[in-house]
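Okay, structure first, notes after.
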Amino acid sequence: MMSQWKKQTFQKKIFQWWKVNKRDLPWRHTHDPYKILVSEVMLQQTTVSRVLTKYPVFIKAYPTVKDLAFRTTII
Numbered sequence: 923m924m925s926q927w928k929k930q931t932f933q934k935k936i937f938q939w940w941k942v943n944k945r946d947l948p949w950r951h952t953h954d955p956y957k958i959l960v961s962e963v964m965l966q967q968t969t970v971s972r973v974l975t976k977y978p979v980f981i982k983a984y985p986t987v988k989d990l991a992f993r994t995t996i997i
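In this note's numbering, each residue carries its 1-based index in the sequence shown increased by 922.
The following block contains the structure:
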């Protein structure tokens, strides 16, 4: 079993790596569950690079669940 000190050291190292190497993704800047769900579904279907181009278009066309539900055409 790993000691608390080792866990904390590992966590700090991972977090430091992330701060240097993270990707700035638009869905990381929201707390809106709908936008997070849209990004998660898109990311399960295709690559991050593709989602980066399609996510803003989709969110602009369907900014809320209600907009998506009542839209008669899909982009």
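Virtual Cβ for every residue (Gly too), placed ideally from N, Cα, C.
To the nearest angstrom, how far is it from the Cα of residue i to the Cα of residue j?
i, j, result
"Met964", "Val942", "25 Å"
"Leu947", "Met923", "35 Å"
"Val973", "Leu990", "18 Å"
What residue from the options has the CA that sits closest to residue i's CA?
i, options, result
"Tyr956", "Tyr984, Met924, Thr931, Leu974", "Tyr984"
"Ser961", "Met924, Tyr977, Ser971", "Tyr977"
"Thr952", "Phe992, Lys988, Ile981, Trp940", "Ile981"
If you measure between the beta carbons of residue i and residue j, is that distance less than 8 Å?
i, j, result
"Val909", "Ile958", "Residue 909 is absent from the structure shown; the chain starts at 923 and stops at 997."
Is there a Cβ of chain E sitting closer than 8 Å to that of residue i, yes or no?
i, result
"Met964", "In the structure shown, chain E cannot be found, because there is only a single protein chain."
request  = Run through the stretch 951 to 987 for me and flag every whole alpha helix (DSSP H) of 4 or more residues, listed as ranges in chain order.
outcome  = 955 to 967, 970 to 983
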